[in-house]
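Enquirer: Residue numbers (the numbering used here), protein chains in the order written: chain A, 1 to 118; chain B, 119 to 211.
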Amino acid sequence: MTFALDLASWVCILLGSFFVVVGAVGLVRMPEVFTRMHAASVIDTLGVGFLVLGMALQAGLSLITLKLLFLLALFVFTGPVVTHALAQACLQDGIAPMLDADRRADRAAAEQTEGRRS
Amino acid sequence: MFAVAAAAILVALALAIARAILGPTIFDRVLAGNTVGTLAIMLLAVFGFLTGRPEFLDIGLTYGLLNLIGTLAVLKFFRHGDLAHRADTERGS
Chain A
1 MTFALDLASW
11 VCILLGSFFV
21 VVGAVGLVRM
31 PEVFTRMHAA
41 SVIDTLGVGF
51 LVLGMALQAG
61 LSLITLKLLF
71 LLALFVFTGP
81 VVTHALAQAC
91 LQDGIAPMLD
101 ADRRADRAAA
111 EQTEGRRS
Chain B
119 MFAVAAAAIL
129 VALALAIARA
139 ILGPTIFDRV
149 LAGNTVGTLA
159 IMLLAVFGFL
169 TGRPEFLDIG
179 LTYGLLNLIG
189 TLAVLKFFRH
199 GDLAHRADTE
209 RGS
């Protein structure tokens with residue numbers, strides 16, 4: 001039983017480490033700020049989530065696990081808040097997301113014809 | 119096993135700092151700073167387990183709260199140029 005728990009926690013910690021590194025590589029290699037936010041959120045969700053789960057399995061049922069869960073809850077609540085504030089500040093500053101195909105013009109035209117029909 | 123996690127977090131920290139130095143806009147630097155804070159908290163937790171003293175988690179929790187407030191304060195400063203800006207005099211967003 002303890003071996004199974006150890007194995008599970010090792011797998012979780014290795015997965016967490018993997019996602020942390022993947023998120024950081026994305027942070028460096030993504031082309032613009034919105035896609036970099038997307039990469040950084042991998043660290044905040046999957047990386048931290050798996051690491052905390054692995055450490056909680058290692059710590060067993062104790063006060064340490066409770067603290068780890070508080071840490072996880074903190075990340076779950078603050079991550080979206082920070083990302084939202086950052087994206088809002090970017091848009092306010094006039095930084096537009098880099099789009100492969102800008103379909104906003106098509107939609108505006110479609111809405112115009114729709115309005116004319118009714 | 120915790121050593122592997124600590125090494126991965128250190129590598130990620132180096133990459134995040136690289137983005138903070140390279141970052142063309144101020145928002146890239148803020149994002150990188152927030153990521154550095156997150157990774158520092160995880161490094162604290164992992165290092166606590168590595169040395170058999172998980173009491174470091176308390177420091178991690180405190181640092182998490184500071185990280186949120188710090189990021190939001192920097193964003194507010196660069197949006198309004200003033201930390202004492204009142205919310206009800208918001209420009210249309």
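Quick reminder that beta carbons are idealized off the backbone N, C-alpha and C, glycines included.
1) Using a Cβ cut-off of 7 Å, pull out every chain B residue sitting near methionine 55 of chain A, in sequence order please.
2) Of all the CB atoms in chain A, is at least one closer than 9 Å to the CB of leucine 184 of chain B?
3) For leucine 71 of chain A, which residues in the same chain have their Cβ closer than 7 Å to its Cβ, ignoring the five residues on either side in sequence?
4) Just the C-alpha distance for leucine 186 of chain B and asparagine 152 of chain B, rounded to the nearest angstrom, thanks.
5) Are any of the Cβ atoms in chain B nearer than 9 Å to that of aspartate 44 of chain A?
6) Evaluate phenylalanine 77 of chain A with the Cβ neighbour count: other Cβ atoms within 10 Å of its Cβ, from every protein chain shown; 16 or more gives buried, anything less gives exposed.
7) Buried or exposed: where does threonine 189 of chain B fall if 16 or more other Cβ atoms within 10 Å of its Cβ makes it buried?
8) For a contact defined as C-beta to C-beta under 7 Å, what are the partners of threonine 143 of chain B on chain A?
9) Could you tell me which chain B residues have their CB closer than 8 Å to the CB of threonine 78 of chain A, listed as they occur along the chain?
10) Rounded C-beta distance between alanine 56 of chain A and threonine 45 of chain A? I'm assuming under 8 Å.
11) Going along the chain, which residues of its own chain have a beta-carbon closer than 8 Å to the beta-carbon of leucine 68 of chain A, five neighbours each way excluded?
12) Distance, Cα to Cα, leucine 183 of chain B vs methionine 160 of chain B?
13) Candidates A:Leu15, A:Ser62 and A:Val82: which alpha carbon is nearest glycine 155 of chain B's?
Expert: Straight from the coordinates:
1) The sequence position of residue 55 of chain A within the first sequence is 55, counting from 1. Within chain B, the residues near methionine 55 of chain A are Ala163 and Phe167.
2) Within the second sequence, residue 184 of chain B is the residue found at index 66, counting from 1. Output row for leucine 184 of chain B: interface = no.
3) Counting from one through the first sequence, the residue named residue 71 of chain A turns up at place 71. Closer than 7 Å at the Cβ level, and outside the excluded window around leucine 71 of chain A, lie Val52.
4) Indexing the second sequence from 1 puts residue 186 of chain B at position 68. Indexing the second sequence from 1 puts residue 152 of chain B at position 34. About 8 Å.
5) As a working note, residue 44 of chain A is residue 44 in the first sequence. Aspartate 44 of chain A counts as touching chain B.
6) Counting from one through the first sequence, the residue named residue 77 of chain A turns up at place 77. Per the 10 Å Cβ criterion, exposed.
7) Walking along the second sequence from the start, residue 189 of chain B turns up at place 71. Looking at its Cβ environment, which holds 16 or more other Cβ atoms inside 10 Å, threonine 189 of chain B is buried.
8) One-based indexing of the second sequence puts residue 143 of chain B at position 25. Val33 and Ile95, listed in chain order.
9) Start at 1 with the first residue of the first sequence, and residue 78 of chain A comes out as number 78. Here the neighbours are Gly182, Asn185 and Leu186.
10) As a first step, residue 56 of chain A must be located in the first sequence, where it is residue number 56. As a first step, residue 45 of chain A must be located in the first sequence, where it is residue number 45. Not really, about 16 Å apart at Cβ, beyond 8 Å.
11) Reading the first sequence from its first residue, position 68 is the one you call residue 68 of chain A. Taken in chain order, the residues that qualify are Val52, Met55, Ala56 and Ala59.
12) Taking the first residue of the second sequence as 1, we reach residue 183 of chain B at position 65. Taking the first residue of the second sequence as 1, we reach residue 160 of chain B at position 42. Whole-angstrom Cα-Cα distance: 14 Å.
13) As a working mapping, residue 155 of chain B is identified with position 37 in the second sequence. The candidate whose alpha carbon is nearest that of glycine 155 of chain B is A:Val82.
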